Amino acid sequence: MIKFTVDISECVSCGSCVAICPIKILELDAEKHPKAIEGREEYCINCGHCACVCPKGALSLESMPIDELKELPEGWRLSPKEIEPFFKGRRSIRAYKEDLVEKPVIEKIIDIARYAPSGINRQSVYWAVVHDPKKVQELSGLTMEWVKTFINEKSPIAESLRFEGLVKSWESGEDPICRHAPHVAMVYGLKEDMLAHAACTIAMAHFELVALPFGLGACWAGYLQMALSAYAPARKSAGLSSKITCHGAMLFGRPKYEFNCIPSRNDPRIIWR
Ligand SMILES: Cc1cc2nc3c(=O)[nH]c(=O)nc-3n(C[C@H](O)[C@H](O)[C@H](O)COP(=O)(O)O)c2cc1C
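Those letters in the sequence shown? Residues 33 to 305, per this note's numbering, in order.
In structure tokens, the structure reads:
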């Protein structure tokens, strides 16, 4: 249920709060001030757009009082010149320094990444961070156990996902699963939440990018994520209950090497209709 107040002395009756509401919950009353349309209040998704678009800060939601909201600083939009090398320069990092990343730094990254979009603003994403490198290694080992079950069963999946190669690499002392990363971040949602998958994937994509300015690097851990979905011992080790689905796992830490160039990628496939 939407609960908001309007400071009539500040409201300029511009109607921007009404226009921006994605659920069309608001209308202007006879005095041209916003009010909730009867019967629609319950559909409020608490996105805060109405309060944040008001040029005068006249609309305040009970759930996010206007004087507690952070103002966007001037020049917060980065320029195309800035974002192009930032986005194109991001690389999957598979070699890490041993030193640990401080928990407050990780908390800050997640604090920023949690502003990623989520279906119906449900903010369905839960985070788990494996901070102990020994625990990360345990997850690699359990993923290898899971991989070997496919090889033993002569499953076509083993060939398609190159499981033999993983085993060879693991047995030679390498870690093809978690790449000897010091940490793993996981995103998960409630099993019945149909919106969690997209929200978690997007939040994790943000995490990977947000980590860069903190001097960190990251890499999606696809094999680990599959094991966390399907293999009970790996799920247990990661502390995932039967009520949740892990939608993403990301290795991260301080990169051992720096990249100097941007690799080529396929041309964009765009069809204009
Ligand atoms: C869903 C997903 C799963 C991935 N899983 C792994 C993985 O298990 N191990 C790995 O080394 N890289 C993994 N990657 C990283 C890709 O291999 C990498 O993005 C790709 O090679 C392009 O390199 P770049 O990210 O540096 O541009 C994964 C990427 C995605 C999107």
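For glycine and all other residues, C-beta sits at the position ideal for the given N, C-alpha and C.
Because the structure is a prediction, the values reported are computed rather than measured.
- Excluding sequence positions up to five before and after G89, its CB lies within less than 6 Å of the CB of I98, all in the same chain and listed in chain order.
- Of the heavy atoms belonging to ligand 1, at least one sits nearer than 7 Å to the Cβ of W252.
- Going by C-alpha positions, K180 is about 20 Å away from A281.
- Of the other Cβ atoms in all chains shown, 16 or more fall within 10 Å of the Cβ of F195; this residue is therefore buried.
- The C-alpha of D164 lies about 45 Å from the C-alpha of I52.
- By a beta-carbon distance limit of 8 Å, V199 contacts I183. Their separation comes to about 7 Å.
- For K102, the closest of K268, K120, G80, A266 by C-alpha to C-alpha distance is G80.
- Selection C82, G271, W108 evaluated against V38 yields C82 as nearest (Cα-Cα).
- Rounded to whole angstroms, the Cβ separation of L244 and R126 is 16 Å, and the two are not in contact under 8 Å.
- As the crow flies, the alpha-carbon of C49 is around 30 Å from that of I141.
- If you keep only unbroken beta strand (DSSP E) runs of at least 3 residues inside the segment 124-187, you get 158-162.
- Residue pairing by DSSP puts I276 in a beta bridge opposite L222.
- Residue pairing by DSSP places S92 opposite T37 in a beta bridge.
- Contact between the segment 235-249 and the segment 275-289 is present: three or more C-beta pairs spanning the two stretches fall below 8 Å.
- Y220 has its Cβ no nearer than 7 Å to any heavy atom of ligand 1.
- The Cβ atoms of A231 and R154 sit closer than 8 Å to each other.
- For Y255, the distance from the CB to the nearest heavy atom of ligand 1 is below 7 Å.
- Scanning its chain for C-beta atoms nearer than 7 Å, with the 5 sequence neighbours on each side dropped, one finds around K288 the residues A127, Y128, K129, in chain order.
- In summary, I234 is buried, with 16 or more beta-carbon neighbours lying within 10 Å of its beta-carbon over all protein chains present.
- Taking 7 Å as the cut-off, one finds no heavy atom of ligand 1 near enough to the beta carbon of R194.
- Residue environment analysis places A259 among the buried positions, since at least 16 neighbouring C-beta atoms fall within 10 angstroms of its C-beta.
- About 7 Å separates the CB atoms of V157 and S150; that is less than 8 Å, so the two are in contact.
- In the three-state reduction of the DSSP assignment, P97 falls in the coil class.
- Of the candidates V85, S201, V219, G249, G249 places its Cα closest to the Cα of A213.
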